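*Asks:* Residue numbers (my numbering): 1 to 279.
Positions of the beta carbon are idealized from the N, C-alpha and C atoms, including for glycine.
Please read all numbers here as calculations on a predicted model, not as lab measurements.
Here you go, one structure.
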């Protein structure tokens, strides 16, 4: 990882030598956003989805992106070439930059960097047998923005690992919101149901809604925790994992405890889309 080349404020530098000021307001106060892309075969997958969300995040927290989408895309492709990576992830990161007092910042001098890394590998069993979630009462601040604030997730890391869960499922006021790093869907009578408000609208969520619209009924609405007891299937979706079937939430078995047919079909549709766009 340390030998990789990254992009920082206009320069390509070794990751091990990349430095930002300890007065950076992203470090001091958490004023920072990011987006996270998957690259297949040296090509960016769904770049327009990610750039649009990056703009939405910047607007939500009052930051200004210093480069155009096309310029950012070129930098990512250059980084893939420099690091000789084809199956990779790319993280685009923006902060308010150096702050003289820890409370103010200059929109004209942000900190902007991009890191590419080898794509993570997941065991086949995760997708063939499904995974477990545990719930936690929490609604993210600025939920519409993809910020670097993962305090709740990190504070629950040991609890998650001890329970054998893959992910934390955030709930609030009797409603299911989102996974700590994912969006959540449940399926009842072949109807896809997912929250729309007070969640980050993920790029895979958006893709799934597009792929599903001609095959299944879709409902974007408040999702009650009580609906889990009678749902047929459930899954989470994220950039690196695409779709992961969920067969257990806390101590509740979802459906028959096995990966369901609708989830399987959606997983196949995503793989076809990746193959079409990137190979």
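Please state if the CB of residue 170 and the CB of residue 161 are separated by a distance shorter than 8 Å.
*Replies:* By one-based count along the chain shown, residue 161 stands at place 161. By one-based count along the chain shown, residue 170 stands at place 170. Not closer than 8 Å, so no.
*Asks:* Checking 8 Å against the spacing of the C-beta atoms, do residue 175 and residue 223 come in under that value?
*Replies:* For the purposes of this step, residue 175 is taken as residue 175 along the chain shown, with counting starting at 1. For the purposes of this step, residue 223 is taken as residue 223 along the chain shown, with counting starting at 1. Going by C-beta atoms, residue 175 is nearer than 8 Å to residue 223.
*Asks:* Here's a check: name, in chain order, each residue in its chain whose Cβ is nearer than 6 Å to the Cβ of residue 203, leaving out the five neighbours to either side.
*Replies:* Working through the chain shown from its first residue, we reach residue 203 at position 203. Counting only Cβ-Cβ distances below 6 Å, and skipping sequence neighbours, we find 46, 49 and 50.
*Asks:* Can you tell me which of 278, 187 and 219 puts its alpha carbon nearest to the alpha carbon of residue 264?
*Replies:* Walking along the chain shown from the start, residue 264 turns up at place 264. Nearest C-alpha to residue 264: 187.
*Asks:* Thinking just about the alpha-carbon of each residue, which of 184, 192 and 246 is nearest to the one in residue 201?
*Replies:* Position 201 of the chain shown, counted from the first residue, corresponds to residue 201. Cα-wise, what sits closest to residue 201 is 184.
*Asks:* Do you know whose CA, among 207, 128 and 194, lies nearest residue 221's CA?
*Replies:* In the chain shown, the residue the question calls residue 221 occupies position 221. Among 207, 128 and 194, the Cα nearest to that of residue 221 belongs to 194.
*Asks:* Please list, in chain order, all residues of the same chain as residue 85 whose beta carbon is under 7 Å from its beta carbon, the five residues on each side excluded.
*Replies:* Start at 1 with the first residue of the chain shown, and residue 85 comes out as number 85. Same-chain partners within the cutoff: 116 and 118.
*Asks:* In chain order, what residues of the same chain have a beta carbon less than 6 Å from the beta carbon of residue 8, not counting five sequence neighbours either side?
*Replies:* Locating residue 8 in the chain shown gives position 8, counting from the first residue. Within the same chain, residue 8 has close Cβ partners 18 and 113.
*Asks:* State the start and end residues of the unbroken beta strand (DSSP E) segment that holds residue 207.
*Replies:* Position 207 of the chain shown, counted from the start, is the residue given in the question as residue 207. Element bounds for residue 207: not the beta strand (DSSP E) but the alpha helix (DSSP H), 203-212.
*Asks:* Kindly indicate which residue of 95, 87 and 216 has the alpha-carbon position closest to the one of residue 60.
*Replies:* Counting from one through the chain shown, the residue named residue 60 turns up at place 60. With distances taken between Cα atoms, residue 60 lies closest to 95.
*Asks:* Return the residue from the list 237, 205, 189 and 227 that minimises the CA-CA distance to residue 216.
*Replies:* What you label residue 216 is simply residue 216 of the chain shown in a count that begins at 1. Answer by Cα proximity: 189.
*Asks:* To the nearest angstrom, how far is it from the Cα of residue 274 to the Cα of residue 100?
*Replies:* Reading the chain shown from its first residue, position 274 is the one you call residue 274. Reading the chain shown from its first residue, position 100 is the one you call residue 100. Using only the alpha carbons, I get a separation of about 45 Å.
*Asks:* Given this structure, state the Cα-to-Cα distance separating residue 247 from residue 229, to the nearest angstrom.
*Replies:* Against the chain shown, residue 247 aligns to sequence position 247. Against the chain shown, residue 229 aligns to sequence position 229. Cα to Cα, the separation comes out at about 12 Å.
*Asks:* I think residue 148 touches residue 34, with their Cβ atoms under 8 Å apart; what is that distance to the nearest whole Å?
*Replies:* As a first step, residue 148 is located in the chain shown; it is residue number 148 there, counting from the start. As a first step, residue 34 is located in the chain shown; it is residue number 34 there, counting from the start. Right, the Cβ-Cβ distance comes to about 6 Å (below 8 Å), so this counts as a contact.
*Asks:* I believe residue 232 touches residue 257 by the beta-carbon criterion, under 8 Å. Please report the beta-carbon distance rounded to the nearest angstrom.
*Replies:* Your numbering for residue 232 matches position 232 in the chain shown. Your numbering for residue 257 matches position 257 in the chain shown. At roughly 11 Å, the Cβ-Cβ gap does not stay under 8 Å, so residue 232 and residue 257 are not in contact.
*Asks:* What are the start and end residues of the alpha helix (DSSP H) that includes residue 49?
*Replies:* Working through the chain shown from its first residue, we reach residue 49 at position 49. Counting along the chain, the alpha helix (DSSP H) containing residue 49 begins and ends at 47-61.
*Asks:* Below 8 Å, can you find three or more Cβ-Cβ pairs linking the region 51-71 to the region 132-152?
*Replies:* The region 51-71 is in contact with the region 132-152.
*Asks:* Could you please give me the residues that DSSP links to residue 39 through a beta bridge?
*Replies:* Stepping through the chain shown from its first residue, residue 39 is reached at position 39. Per DSSP, 44 and 88.
*Asks:* What are the partner residues of residue 236, as DSSP defines its beta bridges?
*Replies:* Counting from 1 along the chain shown, the entry for residue 236 is found at position 236. Looking at the DSSP assignment, residue 236 forms a beta bridge with 184 and 244.
*Asks:* Excluding five sequence neighbours on each side, which residues of the same chain lie with their C-beta closer than 7 Å to the C-beta of residue 88?
*Replies:* As a first step, residue 88 must be located in the chain shown, where it is residue number 88. Here the set comprises 39, 80, 116, 117, 118 and 119.
*Asks:* Closest by CA to residue 103, which one among 78, 29 and 155?
*Replies:* The residue labelled residue 103 in the question sits at position 103 within the chain shown. The option with the nearest alpha carbon to residue 103 is 29.
*Asks:* Once DSSP output is grouped into helix, strand and coil, what is the label at residue 278?
*Replies:* Counted from its first residue, the chain shown places residue 278 at position 278. It is helical.
*Asks:* Could you name the residues of the same chain whose beta carbon sits closer than 8 Å to that of residue 293, not counting the 5 residues immediately before and after it, in chain order?
*Replies:* The chain is shown only over 1 to 279; residue 293 falls outside these bounds and no answer can be derived.
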